[in-house]
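Residue 66 in the working numbering is what sits at position 54 of the sequence shown, and the numbering runs on without skipping anything.
Note sheet for the following structure.
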Amino acid sequence: MAQAHAALFHHALPSTSTAAAAHRSRVPPAPRRPRRLRPMASSTTTQAPAPAPPGLKEGIAGLYDESSGVWESIWGDHMHHGFYDSGEAASMSDHRRAQIRMIEEALAFAAVPGEPSLPHPGRTLVVGYLQIDWLRPPFVLYVFLGTSCSLGRTNHGLCLFLIFSLADDPEKKPKTIVDVGCGIGGSSRYLAKKYGAQCKGITLSPVQAERGNALAAAQGLSDQVSLQVADALEQPFPDGQFDLVWSMESGEHMPDKSKFVSELARVAAPGGTIIIVTWCHRNLEPSESSLKPDELNLLKRICDAYYLPDWCSPSDYVSIAKSLSLEDIKTADWSENVAPFWPAVIKSALTWKGLTSLLTSGWKTIRGAMVMPLMIQGYKKGLIKFTIITCRKPGAA
């Protein structure tokens, strides 16, 4: 979740416990060093990644240690963007629902087994429909077979189609899930409850892990959800353990995108689904070898505030997935669907509760809030792309 999204608030709820304080004392804030953002080539698979900036992991942990309490108090435990219809105007309650919708949209896009999906030719069996017809007897059942259908109103009335998708098989729903960059476990708990699955979450922040486990216990999910401190590039899990590998806005924190995706693939079970939702920069044009100087400068200012290494493009992720022989690779640009979110975050930060929380949280959080308008600018320029990438590990599902 690292990101969830306002990268700024992502990962950790401050705790006054002795254990949390001890953890923080072992992760001193890393000194910030000015750095030049390396121009990205057309594919991250063609060159070695730049070394991670000094203190990157410690900086990420410190950022979320400090800022996640602010986020949770205002936005709740889902620390990521919301998903909206294009042009939608929403209230705060709508924004929170949109965060849940983001999870559901990602699952539907990936066609996760056990997840109801829209009718899809070749994957959907229509066994019949019930027509409510005011010109003929009111309840007429027409039974037929087909491989595609449409839903809605007919010339004579309303039709309720009876649809069964091959994706709805409860035996194929994920039983084991890993949440990579889990924050305080919002997605972990949601997915565990949705599927009745066992979910492991990893974060760089000890305070986040502690808070997330406390929330799981409070919701009676301790036997299903467990969060721990671990590096996403060196996950502490055996090969092939998870039916669903979930990364909601953590990829932007990874200094080595190839190793990141490789680790996701390693821990996925044969036939398992991998879902990556992350911030990318735009794809390069064929005539370009890197982003424009003004674009690099904008990204650098965001990187410095949110402890981000080099960015990559959606096509870079696709190239990496192909190099690992992953299957059913799909990607989509959801930038328009998240457009209302950053303005809402800024608006919430300008409330009395938001301002007082920011002023008492610490400098990292304040600086993150100050650069939020740059995220909006990046989206409007077409530079920042909110991207979903999904794929499957070869093998029997």
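A virtual CB, placed ideally from N, CA and C, is assigned to each residue, including glycine.
Small disclaimer: the values here were computed from a predicted structure and weren't measured.
- Rounded to the nearest whole angstrom, the C-alpha separation of W354 and G193 is 20 Å.
- Secondary structure note for A226: its alpha helix (DSSP H) is the uninterrupted segment P218 to A230.
- Taking C-beta atoms as the reference points, I401 and A333 count as a pair closer than 8 Å.
- A244 counts as buried, since at least 16 other C-beta atoms from the protein chains shown sit within 10 angstroms of its C-beta.
- According to DSSP, residue pairing for F398 in a beta bridge involves W291.
- By the Cβ rule, the segment 303-313 does not count as touching the segment 254-274, because fewer than three pairs are nearer than 8 Å.
- For N225, the number of other beta carbons within 10 angstroms of its own is at least 16, and it is reported as buried.
- In the DSSP assignment, K342 falls within the beta strand (DSSP E) that extends over E339 to D345.
- For G213, the uninterrupted beta strand (DSSP E) run begins and ends at Q210 to T215, by DSSP.
- The closest CA to that of L386, considering only R313, G394, S347 and S325, is found on R313.
- Using a 10 angstroms sphere on the CB of N349, the tally of other CB atoms reaches 16 or more, which defines it as buried.
- When secondary structure is reduced to three states using DSSP, Q240 falls in the strand class.
- Listed as beta-bridge partners of E246 by DSSP are D243.
- Here the alpha carbon of S98 sits roughly 21 Å from the alpha carbon of A122.
- Close CB contacts of D89 within its chain, under the 6 Å cut and outside five residues either way in sequence, are with I196 and G198 (chain order).
- When the alpha-carbon of G126 is set against those of S337, L256 and Q240, the nearest one is in L256.
- As the crow flies, the alpha-carbon of A242 is around 21 Å from that of T285.
- Straight-line spacing of the CA atoms in T399 and G232 works out to 33 Å.
- Across the set H93, G67, D77 and L68, the C-alpha of H93 shows the shortest separation from the C-alpha of A356.
- Per DSSP, reduced to three states, the secondary structure at P282 is strand.
- Between Y202 and K185, the C-beta spacing is not below 8 Å.
- Close CB contacts of K187 within its chain, under the 6 Å cut and outside five residues either way in sequence, are with A209 and D255 (chain order).
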